[in-house]
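Peer 1: Quick note, the sequences are listed as chains A and B, same order.
For the first sequence, the numbering used here puts the final residue at 602, and the numbers step up evenly by one.
For the second sequence, the numbering used here puts the final residue at 602, and the numbers step up evenly by one.
Idealized CB from N, CA, C, for every residue including glycine.
So that we are looking at the same thing, I have put the structure below in structure tokens.
There are 2 protein chains.
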Amino acid sequence: MVIDCHGHYTTAPKQLQSFRDEQIAALKDPKAAAPKVLASITDDQLRESVQPQLKFQNDRGTDVTIFSPRASAMAHHIGDATTSLDWTRHCNDLIHRVCTLFPENFVGVCQLPQTPSAPLANCIEELERCVNELGFIGCNLNPDPSGGHWTAPPLTERFWYPFYEKMVELDVPAMVHVSASCNSNFHATGAHYLNADTTAFMQFLQADLFKDFPRLRMIIPHGGGAVPYHWGRYRGLAQDMKRPLLTDLIRDNVFFDTCVYHQPGVDLLLKVVPAENVLFGSEMVGAVRGVDPQTGSYYDDTKRYVDAAAIDEKARQGVLEGNARKVYPRINGLLKNAD
Amino acid sequence: MVIDCHGHYTTAPKQLQSFRDEQIAALKDPKAAAPKVLASITDDQLRESVQPQLKFQNDRGTDVTIFSPRASAMAHHIGDATTSLDWTRHCNDLIHRVCTLFPENFVGVCQLPQTPSAPLANCIEELERCVNELGFIGCNLNPDPSGGHWTAPPLTERFWYPFYEKMVELDVPAMVHVSASCNSNFHATGAHYLNADTTAFMQFLQADLFKDFPRLRMIIPHGGGAVPYHWGRYRGLAQDMKRPLLTDLIRDNVFFDTCVYHQPGVDLLLKVVPAENVLFGSEMVGAVRGVDPQTGSYYDDTKRYVDAAAIDEKARQGVLEGNARKVYPRINGLLKNAD
């Protein structure tokens, strides 16, 4: 079985975006009331909407996608805590419906109702709802709900601890994932995402978060941003700062996905980072949608790169399945053909 | 000859930091006057201060360092335009004195007197002074004078064009280099620097800056941040956005240095980026100062990685010398043993 740890519902029916458009319009018009109800979406419309994902799973030989709402659309910087909560619940509910329709193909991970003025308001409650009531197995945690202004405290500060306590209690990990950028300096998928990955890793390196939470697990997406490419820099920084060896620092707590869209990048990742800390991910249908003329395959068909990487079969099996089962243990109760 | 395009004067005599401390103290005390004069530094003190750099040049088999003021100390976010100008001129003047004392070992690149409220105030004048009067061959341009709040316009906006016109007129390139971070999310050398590199590249990808300035040359340091590791992502983004091929986009205008502190990273860089667009750099004495226990050599002894990379000798020669001569053409008039 091949588990793709990084898929977003980028193909949701248009009713979802219509709800969001109405929400945003209401924010601009003091006389308008914010919408509360999502227009009806039929099961058939949901089935139709995920055909691209199902086709890619089939074509690429992957089985199940750990599936979450569209990351760029979380846009926690828009509106207030209520805006974020209403939007988040609808997004998560749709993920739940897709996972219920296709229990062998999708397992849910939730968006959180973060908001810049109080990034944790409502997040614990929504995480509990999603895990306990909807059967989700993790969450996407945004280290920058301001959308490119970076006004929240670093992820290692005690501010976040109540949320981490709940994550540990529920035994679910978080993927550290920013959303759209409202800072014109940062293109979302071409800069903000990768910067956030790099930033989060360095925060983890600097502090003792995982001493306080030995069972807290964080996935840094997009291959860890700049980190594996600069693995020597980080080893050296850790050494100069008298911090632990990187392999010790990340062992049970920090994981990278394989959303790196060319063979040399995935080769580097698997050369420098222990394979136990790498989870197969493709981000499909996502940031890059074209076919690479150099290979004739989709850029985001990352399974090809993992298949071709010079690692032993046990390590490859871990990357493709076993590591995800360890990092997201709740997946084991959900997959029909679990081994 | 081996030219290291990336060295900062991190070992300046203590009088320089004392001046800065007084400047900062005066900012906090409305009754105090900002200092204007730097305490006397003798030539012997300057000679002594660069012994570490000279020893590393000798030990590592490099010849000349393109030398600029300490990047993290530029701190354009401190004070106002006058603070920045006074500090910048002293820093640049010291670089000039070092280059005059050791004309075979150091060639100058200037800090700019940027400031968040008006990042370009005084910059054109200081660039002219440094190039025309002090014999400098380039500058370090900070895309984020706010120090981690990213309040300046993207580098591709017309706001920056008057400065670019002067760069083209003087035929000098800029290294895109941020300074210290005053945003607690961003560790300077472990996050902010790499994020800025990644951000700048994506800005260049999105806009037609180099159509407007075909002779403008930008060096993105630290191996291009996350970019080479995500070269497939960027090729795919450019394709989806109907932008030029990356190799065409960067050909005459965007260059990466080799400040990547392990062999796999430099191997990747030279595998995916055309060697013509890579300049040898080490950032010594800089961000990472230790010895890598895996190799027994300094992390930042990047010449070893370039020497071991699987490229042909012509390409290697370009990386180590020829490309720097093209990107910084004014170096050719300064080096005694120019070939």
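Less than 8 Å between CB atoms is the rule here; does F449 of chain A satisfy it with respect to chain B?
Peer 2: By one-based count along the first sequence, residue 449 of chain A stands at place 186. Closer than 8 Å to some Cβ of chain B, the Cβ of F449 of chain A qualifies, so yes.
Peer 1: Find the residues of chain B that neighbour P527 of chain A, judging by a C-beta separation of less than 9 Å, and give them in chain order.
Peer 2: As a position in the first sequence, residue 527 of chain A is number 264, starting the count at 1. Those within 9 Å of P527 of chain A in chain B are P491, Y492, W494, G495, D530, L531, K534, V535.
Peer 1: Which residue wins for smallest C-alpha separation from S545 of chain B, given the options B:K534, B:T558, B:H525?
Peer 2: Position 282 of the second sequence, counted from the start, is the residue given in the question as residue 545 of chain B. Among B:K534, B:T558, B:H525, the Cα nearest to that of S545 of chain B belongs to B:H525.
Peer 1: Cβ of V541 of chain B less than 8 Å from any chain A Cβ?
Peer 2: Taking the second sequence and counting its residues from 1, one reaches residue 541 of chain B at position 278. Closer than 8 Å: no.
Peer 1: Residues of chain A with CB closer than 7 Å to the CB of N516 of chain B, please, in chain order.
Peer 2: Taking the first residue of the second sequence as 1, we reach residue 516 of chain B at position 253. Within 7 Å Cβ-Cβ: nothing; N516 of chain B doesn't reach chain A, min ~18 Å.
Peer 1: Using the beta-carbon of each residue, which ones in chain A are nearer than 8 Å to N446 of chain B?
Peer 2: Position 183 of the second sequence, counting from 1, holds the residue named residue 446 of chain B. Within 8 Å Cβ-Cβ: W413.
Peer 1: Output yes if chain A places a C-beta closer than 8 Å to the C-beta of Q374 of chain B; else output no.
Peer 2: Walking along the second sequence from the start, residue 374 of chain B turns up at place 111. Judged by the 8 Å Cβ criterion, Q374 of chain B is not in contact with chain A.
Peer 1: Quick one: is V548 of chain B near chain A, going by C-beta distance under 8 Å?
Peer 2: As a first step, residue 548 of chain B is located in the second sequence; it is residue number 285 there, counting from the start. Not an interface residue.
Peer 1: Flag H271 of chain A as yes if its beta-carbon sits less than 8 Å from any beta-carbon of chain B, otherwise no.
Peer 2: Residue numbering aside, residue 271 of chain A sits at position 8 when the first sequence is read from its first letter. With 8 Å as the cut-off, H271 of chain A does not count as an interface residue toward chain B.
Peer 1: Please compile the residues from chain A whose C-beta is within a distance smaller than 7 Å of the C-beta of Y424 of chain B.
Peer 2: Along the second sequence, read from residue 1 onward, the residue named residue 424 of chain B stands at position 161. Going along chain A, no residue has its Cβ under 7 Å from Y424 of chain B, so there is no contact; the nearest lies around 16 Å.
Peer 1: Reducing DSSP to helix, strand and coil, say where Y591 of chain B ends up.
Peer 2: What you label residue 591 of chain B is simply residue 328 of the second sequence in a count that begins at 1. Looking at Y591 of chain B - three-state DSSP - the assignment turns out to be coil, as it is neither helix nor strand.
Peer 1: Nearest CA to the CA of A573 of chain B: which residue from B:R552, B:C386, B:R588, B:L533?
Peer 2: The sequence position of residue 573 of chain B within the second sequence is 310, counting from 1. Closest option to A573 of chain B, Cα to Cα, is B:L533.
Peer 1: Run through DSSP, which three-state label would F282 of chain A get?
Peer 2: Indexing the first sequence from 1 puts residue 282 of chain A at position 19. Of the three classes helix, strand and coil, the one that applies to F282 of chain A here is helix, per DSSP.
Peer 1: Kindly list, in the order they appear in chain A, the residues whose Cβ is closer than 7 Å to that of N458 of chain B.
Peer 2: For the purposes of this step, residue 458 of chain B is taken as the residue at position 195 of the second sequence. Here the neighbours are N458, T461, T462.
Peer 1: Can you tell which of A:T419, A:D306, A:D434 has its C-alpha closest to the C-alpha of F365 of chain A?
Peer 2: Locating residue 365 of chain A in the first sequence gives position 102, where the first residue counts as 1. Of A:T419, A:D306, A:D434, the residue nearest in Cα terms is A:D306.
Peer 1: Can you tell me whether Q286 of chain B is buried or exposed, with buried defined as 16 or more other CB within 10 angstroms of its CB?
Peer 2: Looking up residue 286 of chain B in the second sequence gives position 23. When all chains shown are included, Q286 of chain B counts as buried.
Peer 1: To the nearest angstrom, report how far apart H359 of chain A and S444 of chain B are at their CA atoms.
Peer 2: Here residue 359 of chain A is taken as the residue at index 96 of the first sequence, counted from 1. Here residue 444 of chain B is taken as the residue at index 181 of the second sequence, counted from 1. Computed Cα separation, rounded: 41 Å.
Peer 1: Are the beta-carbon atoms of E584 of chain A and M337 of chain A separated by less than 8 Å?
Peer 2: In the first sequence, counting from the first residue as 1, residue 584 of chain A sits at position 321. In the first sequence, counting from the first residue as 1, residue 337 of chain A sits at position 74. Their beta carbons are not under 8 Å apart, which means E584 of chain A does not touch M337 of chain A by this criterion.
Peer 1: Could you confirm whether any beta carbon from chain A is found closer than 8 Å to the beta carbon of R421 of chain B?
Peer 2: In the second sequence, residue 421 of chain B corresponds to position 158, counting from 1. For R421 of chain B, the answer is no, since every Cβ of chain A falls outside 8 Å of its Cβ.
Peer 1: From the DSSP output, read off the bridge partner residues of C373 of chain B.
Peer 2: What you label residue 373 of chain B is simply residue 110 of the second sequence in a count that begins at 1. C373 of chain B pairs with B:C402.
Peer 1: Hey, Q316 of chain A and G371 of chain A: beta-carbon distance below 8 Å or not?
Peer 2: For the purposes of this step, residue 316 of chain A is identified with residue 53 of the first sequence, where counting begins at 1. For the purposes of this step, residue 371 of chain A is identified with residue 108 of the first sequence, where counting begins at 1. Going by C-beta atoms, Q316 of chain A is not nearer than 8 Å to G371 of chain A.
Peer 1: Would you call G581 of chain B buried or exposed, if buried means 16 or more other Cβ atoms sit within 10 Å of its Cβ?
Peer 2: Taking the first residue of the second sequence as position 1, residue 581 of chain B is located at position 318. Buried.
Peer 1: Can you name the residues of chain A whose CB is closer than 7 Å to the CB of A454 of chain B?
Peer 2: To locate residue 454 of chain B, count along the second sequence from 1; it is residue 191. T461, T462, M465, listed in chain order.
Peer 1: May I ask you to list the residues that DSSP assigns as paired with G410 of chain A?
Peer 2: Reading the first sequence from its first residue, position 147 is the one you call residue 410 of chain A. In DSSP, G410 of chain A forms no bridge with anything.
Peer 1: Give me, in chain order, the residues of the same chain whose beta-carbon lies closer than 8 Å to that of V431 of chain A; leave out the 5 immediate sequence neighbours on both sides.
Peer 2: Numbered from its first residue, the first sequence carries residue 431 of chain A at position 168. Hits under 8 Å: F476, R478, L479.
Peer 1: Can you give the Cα-Cα distance for W423 of chain A and F399 of chain B, rounded to whole angstroms?
Peer 2: Residue 423 of chain A sits at position 160 when you count from the first residue of the first sequence. Residue 399 of chain B sits at position 136 when you count from the first residue of the second sequence. One C-alpha to the other measures close to 48 Å.
Peer 1: Say whether chain B places a C-beta atom closer than 8 Å to the C-beta of L468 of chain A.
Peer 2: Residue mapping note: residue 468 of chain A aligns to position 205 of the first sequence, counting from 1. At least one chain B Cβ lies under 8 Å of L468 of chain A.
Peer 1: Could you please give me the residues that DSSP links to L542 of chain A through a beta bridge?
Peer 2: Residue numbering aside, residue 542 of chain A sits at position 279 when the first sequence is read from its first letter. For L542 of chain A, which the question treats as bridged, DSSP gives the partners A:D520.
Peer 1: How close, in whole Å, do the beta carbons of P376 of chain A and L348 of chain A come, if the pair is a contact with beta carbons under 8 Å?
Peer 2: Start at 1 with the first residue of the first sequence, and residue 376 of chain A comes out as number 113. Start at 1 with the first residue of the first sequence, and residue 348 of chain A comes out as number 85. Between L348 of chain A and P376 of chain A the Cβ distance is about 4 Å, and since that is below 8 Å, they are a contact.
Peer 1: Say whether the region 291-308 of chain A touches the region 276-283 of chain A, bearing in mind that this needs 3 or more beta-carbon pairs closer than 8 Å, one atom from each stretch.
Peer 2: Segments in contact, yes.
Peer 1: Assuming contact is defined by CB atoms lying nearer than 8 Å, are N458 of chain A and T462 of chain B in contact in what I supplied?
Peer 2: As a first step, residue 458 of chain A must be located in the first sequence, where it is residue number 195. As a first step, residue 462 of chain B must be located in the second sequence, where it is residue number 199. A contact, by the Cβ cut-off of 8 Å.
Peer 1: Ends of the alpha helix (DSSP H) at P527 of chain B?
Peer 2: Taking the first residue of the second sequence as position 1, residue 527 of chain B is located at position 264. Looking at the DSSP string, the run of the alpha helix (DSSP H) that includes P527 of chain B is 526-535.
Peer 1: For G486 of chain B and H485 of chain A, what's the separation of their Cα atoms in angstroms?
Peer 2: Sequence index remark: in the second sequence, residue 486 of chain B carries index 223 (1-based). Sequence index remark: in the first sequence, residue 485 of chain A carries index 222 (1-based). So the two alpha carbons sit approximately 18 Å from each other.
Peer 1: What residues match up with T328 of chain A in a beta bridge as DSSP calls it?
Peer 2: On the first sequence, residue 328 of chain A is found 65 positions in, with the first residue counted as 1. According to DSSP, which records beta bridges pairwise, T328 of chain A is partnered with A:D267, A:F369.
Peer 1: Just reading off the alpha helix (DSSP H) that A387 of chain B is part of, what are its end residues?
Peer 2: As a working note, residue 387 of chain B is residue 124 in the second sequence. Per the sequence shown, the amino acid found at residue 387 of chain B is Ile instead of Ala. Counting along the chain, the alpha helix (DSSP H) containing I387 of chain B begins and ends at 386-391.
Peer 1: Answer with yes or no whether the minimum CB distance from V569 of chain B to chain A is below 8 Å.
Peer 2: For the purposes of this step, residue 569 of chain B is taken as residue 306 along the second sequence, with counting starting at 1. No, V569 of chain B does not count as interfacial toward chain A.
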